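K.L.:
Before we start, here is the structure in question, set down as structure tokens.
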Amino acid sequence: MSDVLITMHGVSKSFGSLCALDGLDLSVSRGEIVGILGANGAGKSTAMRLAVGYLAVDRGTIRLAGYDVARNALAARRSVGYLPEGMPLWGEMRVGAFLSSVAELRGLNRVARGIAIERVVQALSLGEVIERTIDRLSKGYRRRVGLAQALLHDPEVLILDEPSDGLDPNQKHVLRKMVRDLSKRKSILLSTHALDEVEALCDRAVVLHRGRIVAGGTPRSLVENASKKALKGEGTALEQAFRSYTMG
Ligand SMILES: Nc1ncnc2c1ncn2[C@@H]1O[C@H](COP(=O)(O)OP(=O)(O)OP(=O)(O)O)[C@@H](O)[C@H]1O
Ligand SMILES: [Mg+2]
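Quick note, the sequence shown lines up with residues 517 to 764 if you use this note's numbering.
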């Protein structure tokens, strides 16, 4: 079996007259963590929604764990855990009941559900809030519940839209360690605005600008290949490189 678990080839998507993605090519191998960077509105979340089949592509193909997302939607969805941008759905449910329902939808039997829930509750320190209503949790805890549901069925592919958004510094650390540990067996695609996270976590990153990839490579190569003229001003080298790729 191929060890490239995420492939996006020539993927385009428009909303009316707005072209949100224009011919995106991207692949992630097992063991790799790839970051999608880009300014607000660049197309990061759209790429991820297309990857998990929440939106249909206009053109192009997407494969998850070898399954074509359009032709073999069920198998593709089974192989992926997805953390959407923003809040989890079903906010009126209690955390424990929510995780149990998701595990059931994922086809886990009663015993496997118990084991899986215990695992993610431990990993994300959710024990204290298990009886609380999701909508009433703080933002960071809601984010952690979202991460927990993405991990329940131990998928081969993880697609995480701004996973560290809203997390406190300790939880960011926990998240990074967890993602790194998980990545040994999986392909992980994540988006982030935190460029220090890219340096700490990602093997490679692509920079999206107005729906197109304008740069890609290791965090170091993104810095090395940025326009030297632009490498000045405030911020780390990667922040400056990011500016140079996404201005204009
Ligand atoms: N359902 C939709 N209908 C119409 N336009 C949309 C829809 N979803 C996204 N867009 C537009 O597509 C473009 C890309 O949006 P997207 O959410 O992918 O950006 P993003 O890179 O995730 O930005 P952010 O950093 O703010 O999360 C934006 O111009 C956005 O307004
Ligand atoms: Mg987004």
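Every residue gets a Cβ at the ideal spot worked out from N, C-alpha and C, and that includes glycine.
Computed from a predicted structure; not experimentally measured.
Of all the options Asp574, Arg593, Arg575, Gly576, which has the alpha carbon lying nearest to the alpha carbon of Tyr583?
P.N.:
For Tyr583, the closest alpha carbon among the candidates Asp574, Arg593, Arg575, Gly576 is that of Arg593.
K.L.:
Sorted by chain position, which residues of the same chain lie with C-beta nearer than 7 Å to Leu683's C-beta, five sequence neighbours on each side aside?
P.N.:
Gly656, Arg659, Leu691
K.L.:
Within 10 Å of its beta-carbon, does Met763 have 16 or more other beta-carbons around it, so buried, or fewer, so exposed?
P.N.:
With a 10 Å radius around the Cβ and a threshold of 16 neighbouring Cβ atoms, Met763 comes out exposed.
K.L.:
On the criterion of 16 or more Cβ atoms from any shown chain inside 10 Å, does Val637 qualify as buried, or is it exposed?
P.N.:
Classification of Val637: buried, given that the 10 Å Cβ count is 16 or more.
K.L.:
Quick check: is any heavy atom of ligand 2 less than 8 Å from the C-beta of Ser561?
P.N.:
The answer is yes for Ser561.
K.L.:
Thinking C-alpha only, which one of Arg635, Trp606, Ala586, Gly597 is nearest His525?
P.N.:
That would be Ala586, whose Cα lies nearest to the Cα of His525.
K.L.:
Taking just the CA atoms, how far does Val550 sit from Leu698?
P.N.:
13 Å
K.L.:
Following the continuous alpha helix (DSSP H) through Met564, name the residue where it begins and the one where it ends.
P.N.:
560 to 567
K.L.:
Over the uninterrupted beta strand (DSSP E) stretch that includes Val527, give me the two end residues.
P.N.:
Residues 520 to 531.
K.L.:
For ligand 1, is there a heavy atom less than 8 Å away from the beta-carbon of Leu754?
P.N.:
no
K.L.:
Look at the Cβ atom of Leu542, then the Cβ atom of Ile675, and state whether they are nearer than 9 Å.
P.N.:
No, the Cβ-Cβ distance between Leu542 and Ile675 is not below 9 Å.
K.L.:
Among Val645, Gly554, Val573, which residue has its Cα nearest to the Cα of Val722?
P.N.:
Gly554
K.L.:
My parser needs the alpha helix (DSSP H) runs of 4 or more residues fully inside the segment 685 to 731; what are they?
P.N.:
685 to 699, 711 to 717
K.L.:
Sort Thr523, Ala628, Gly539 by Cα distance to Ser530 and report the nearest one.
P.N.:
Gly539
K.L.:
Considering Thr762, what are the terminal residues of the beta strand (DSSP E) in which it resides?
P.N.:
Segment 753 to 762 is the alpha helix (DSSP H) holding Thr762; no beta strand (DSSP E) there.
K.L.:
Among Ile578, Gly612, Gly733, which one has its Cα closest to the Cα of Val596?
P.N.:
Ile578
K.L.:
Which runs of the alpha helix (DSSP H) at least 4 residues long sit entirely within the segment 597 to 635? Give them in chain order.
P.N.:
Counting whole runs of 4 or more residues, the segment 597 to 635 contains the alpha helix (DSSP H) stretches 611 to 621.
K.L.:
Say the cut is 8 Å; is the CB of Ser707 nearer than that to a heavy atom of ligand 2?
P.N.:
yes
K.L.:
Answer yes or no: the CB of Gly662 versus the heavy atoms of ligand 1, is any distance below 8 Å?
P.N.:
In terms of side-chain proximity, the C-beta atom of Gly662 is found no nearer than 8 Å to any non-hydrogen atom of ligand 1.
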